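Engineer:
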Amino acid sequence: MLQTLLVNLKLHFREKAQLFWLFAFPIILATMFNGMFGNIAESYALHTVDVVVVNNDDWRASPGAQMLVDGISSDTGATGADGDHAKVDDDGDAMPKLITVTEAASMEAADRALLDAKAQGRLSVDGSGKLQLAISQATQTSATDVMASSSGLDISLTVLGNIVDLYNHNTAVVINAAQHNPSALLDDAFTGSIGSSSGFTKEVQLTNFKPSGTARYYYALLGMAAMMAMSFAVNAVSLAQANLSALGIRRSVAPLPKLQQLLAGFLSSWICSFLSLTVAMLYIRFGCQISLGGREWAGLGACLMASFATSAFGTLIGAIQGVSTSAKQGLCTALACTLSLFSGLYGSFAMDLSDQIAQHAPLLSMLNPAQQITNLFYDILYYDSFRPFFATVGVLAAMSLVCLGMATVLLRRQRYEHL
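Take the sequence shown: its position 1, counting from 1, is numbered 2 in the working numbering, and each next residue is one higher.
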């Protein structure tokens, strides 16, 4: 049996077409995904904006404006990889300050800096003490141009504008209170409420790990790669059937029992499927930087279960009588491509369709092996507990055992009228 297993492994790795589709194709597709989705996260990140401050009499008469600028501008703290000053947030990630500041003595000098592209925005104080923000025409064009590369500039400008509006609102509240009710400034509850931003949204992280927003597409790709690996099991069964290959004829008269031949073929397909899926997962993790939150060991377990399931499905397809090996291979490819549509591989439309099926027809979603394989990685990524992961493993194990049982019935005591 061991010799049969080794022979099957050699035969699998000599199939160049299979090696391409099962090892190279997922890597090529993941690389394309990385090129398309690589800048999405960056478009939501804050980036430093170059601002010129008009340091005139009005500015010096408003010390609160200078304190605000000092709080959001670059300082002499930690320096980022690109030379921008940065600070470190609670997660240990470098977080750039919102603005870098240069000073101009007059409004005309500040406007010249905007025209010469030496600054992206201008901060000044008008005669009434209000903080004013203006941005250059080039900066406005860059922030609104959908064809420009994503840089997060529009997000940064929105945040800066909200800060200026909040500062002006708080200043107006303090001035009004000082003019009409000075005693209110002695009330700690009142002064503590000044500057409150309870009306703004706040990001809440529900798990200990913040996953990438594009991870779903990569894990749907792993579902397709696993389904494509059914072809290994189809070949393994074909090599044991006397009416499908010359090797099958010789094996039919060999002293090794047919059950052991089929078991060796199943193990060889399981090993090859596991290797192809693991290579794809590791490339997605380290090549495309799609993290599993430190649960890479669980990802290997998911690959092991997914490869077992697809080997069982492939064994059932390979056991179908009266169908040539090439037709069975085509059936495997058609099933992998079709079922991957309903697991969300083909873009946002497919993702929405997958979500709708899971919500309104959960039984169909549960019976889709590509969706269940994709769910293995979802469960690792999005849940703190491993209970959903083991539930998905149970579903795939039950489906696999049913397929292996049906394949055993089809392959048991096969007889051939002629070869």
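All C-beta atoms in this analysis are idealised placements derived from N, C-alpha and C, irrespective of residue type, glycine included.
Being a predicted model, the structure only gives us computed values, none of them experimental.
I'd like to check one pair, Ser269 with Leu20: are the Cβ atoms closer than 7 Å?
Structural biologist: No, they are not a contact pair.
Engineer: For Ile29, which residues from the same chain have a beta carbon less than 7 Å from its beta carbon, with the 5 sequence-adjacent residues on both sides left out?
Structural biologist: Around Ile29: no qualifying Cβ.
Engineer: Pull up the distance between the alpha-carbon of Asp380 and that of Ser213, whole angstroms please.
Structural biologist: The alpha-carbon atoms of Asp380 and Ser213 are separated by roughly 14 Å.
Engineer: Using a 10 Å radius around the Cβ and a threshold of 16 neighbouring Cβ atoms, would you call Lys329 buried or exposed?
Structural biologist: Flag for Lys329 reads buried.
Engineer: Which residues mark the beginning and the end of the beta strand (DSSP E) in which Ser125 is found?
Structural biologist: Unbroken beta strand (DSSP E) run through Ser125: Gly122 to Val126.
Engineer: Closest to Val228 by C-alpha separation, out of Phe14, Val52, Leu397 and Met352, would be which residue?
Structural biologist: Checking the sequence, you will find Met at residue 228 rather than Val. Comparing Cα positions, the closest option is Leu397.
Engineer: Ignore the nearest five residues each way along the sequence and tell me which others in Leu365's own chain have a CB closer than 7 Å to its CB.
Structural biologist: Cβ neighbours of Leu365 beyond the five flanking positions: Ile358.
Engineer: Quick one: is Val403 buried, meaning 16 or more other Cβ sit within 10 Å of its Cβ, or exposed?
Structural biologist: Exposed, since its Cβ has fewer than 16 Cβ neighbours within 10 Å.
Engineer: Taking C-alpha atoms, which residue in Thr409, Asp385, Pro370 and Tyr383 lies nearest to Ala399?
Structural biologist: The shortest Cα separation from Ala399 among Thr409, Asp385, Pro370 and Tyr383 belongs to Pro370.
Engineer: Please look up how many angstroms separate the CB atoms of Ser344 and Ala221, rounded, as I've assumed it's under 8 Å.
Structural biologist: Right, the Cβ-Cβ distance comes to about 5 Å (below 8 Å), so this counts as a contact.
Engineer: Could you check the C-alpha separation between Ile156 and Ala111 for me, to the nearest Å?
Structural biologist: Cα to Cα, Ile156 sits roughly 23 Å from Ala111.
Engineer: Grouping DSSP H, G and I as helix and E and B as strand, with all else coil, what is Ile29?
Structural biologist: Three-state DSSP puts Ile29 in a helix.
Engineer: What separation, rounded to the nearest whole angstrom, lies between the Cα atoms of Gly300 and Val280?
Structural biologist: Cα to Cα, the separation comes out at about 11 Å.
Engineer: Measuring alpha carbon to alpha carbon, tell me which residue in Met108, Ser232 and Met2 is nearest Phe14.
Structural biologist: Looking at the Cα atoms, Ser232 is the closest of the given residues.
Engineer: Under a Cβ-count criterion, where at least 16 other Cβ atoms within 10 Å of its own Cβ denotes burial, should Lys17 be classed as buried or exposed?
Structural biologist: So Lys17 counts as exposed.
Engineer: Compare the beta carbon distance of Ala226 and Leu278 with 7 Å and say whether it is the shorter of the two.
Structural biologist: Yes, the pair counts as a contact, with Cβ atoms nearer than the cut-off.
Engineer: Just to confirm my understanding: we take Asp83, look at its own chain, exclude 5 residues before and 5 after, and list those with CB closer than 8 Å. What are they?
Structural biologist: Residue confidence is low: Asp83 scores 41 on pLDDT, short of 50, so the model does not pin down where it sits. No coordinate-derived value is stated.
Engineer: Taking the DSSP output, what are the residues bridged to Val55?
Structural biologist: For Val55, which the question treats as bridged, DSSP gives the partners Ala105.
Engineer: Counting along the chain, where does the beta strand (DSSP E) carrying Ile136 start and finish?
Structural biologist: Looking at the DSSP string, the run of the beta strand (DSSP E) that includes Ile136 is Leu132 to Ile136.
Engineer: What residue from Arg113, Val50 and Val175 has the CA that sits closest to Leu99's CA?
Structural biologist: The shortest Cα separation from Leu99 among Arg113, Val50 and Val175 belongs to Val50.
Engineer: To the nearest angstrom, how far is it from the Cα of Ser308 to the Cα of Leu47?
Structural biologist: Spanning the two alpha carbons is a distance of roughly 41 Å.
Engineer: Since Leu134 and Gly122 should fall inside the 8 Å C-beta cutoff, what is the C-beta to C-beta distance between them, to a whole number of angstroms?
Structural biologist: Yes, they are in contact, since the Cβ atoms of Leu134 and Gly122 sit about 6 Å apart, within 8 Å.
Engineer: According to DSSP, Val235 sits in a beta bridge with which residue or residues?
Structural biologist: DSSP lists no partner for Val235.
Engineer: How would you label Thr5, buried or exposed, when you count the other beta carbons within 10 angstroms and need 16 or more for buried?
Structural biologist: Classification of Thr5: buried, given that the 10 Å Cβ count is 16 or more.
Engineer: Is it buried or exposed for Val54, if we count other Cβ within 10 angstroms and need 16 for buried?
Structural biologist: Answer is buried; the Cβ neighbour count reaches 16.
Engineer: When you compare the CB positions of Ala216 and Ile291, do they come within less than 7 Å of one another, or not?
Structural biologist: Yes, Cβ-Cβ distance for Ala216 and Ile291 is below 7 Å.
Engineer: Only counting the same chain, and skipping five residues up and downstream in sequence, which positions put a Cβ closer than 8 Å to that of Thr103?
Structural biologist: Answer for Thr103: Asp51, Val52, Val53, Val54, Ala114, Lys119 and Ala120, listed in chain order.
Engineer: What does DSSP give as the partner residue(s) for Val50 in the beta ladder?
Structural biologist: Ile100.
Engineer: Name the one or two DSSP bridge partners that Ser74 has.
Structural biologist: Answer is Ile100, bridged to Ser74.
Engineer: Short of 7 Å in beta carbon distance, which residues of its chain neighbour Met282, apart from the five on each side in sequence? Order them along the chain.
Structural biologist: Contacts found: Leu223, Gly300 and Cys304.
Engineer: Apart from the five residues on each side of it in sequence, which residues of its chain come closer than 6 Å, Cβ to Cβ, to Asn56?
Structural biologist: Taken in chain order, the residues that qualify are Glu104.
Engineer: Whose C-alpha, out of Ala335, Phe267 and Trp60, is nearest the C-alpha of Leu3?
Structural biologist: Comparing Cα positions, the closest option is Phe267.
Engineer: May I have the straight-line CA-CA distance separating Thr334 from Leu340, to the nearest angstrom?
Structural biologist: The alpha-carbon atoms of Thr334 and Leu340 are separated by roughly 10 Å.
Engineer: In whole angstroms, what separates the C-alpha of Val174 from that of Asp127?
Structural biologist: The straight-line gap from Cα to Cα measures roughly 17 Å.
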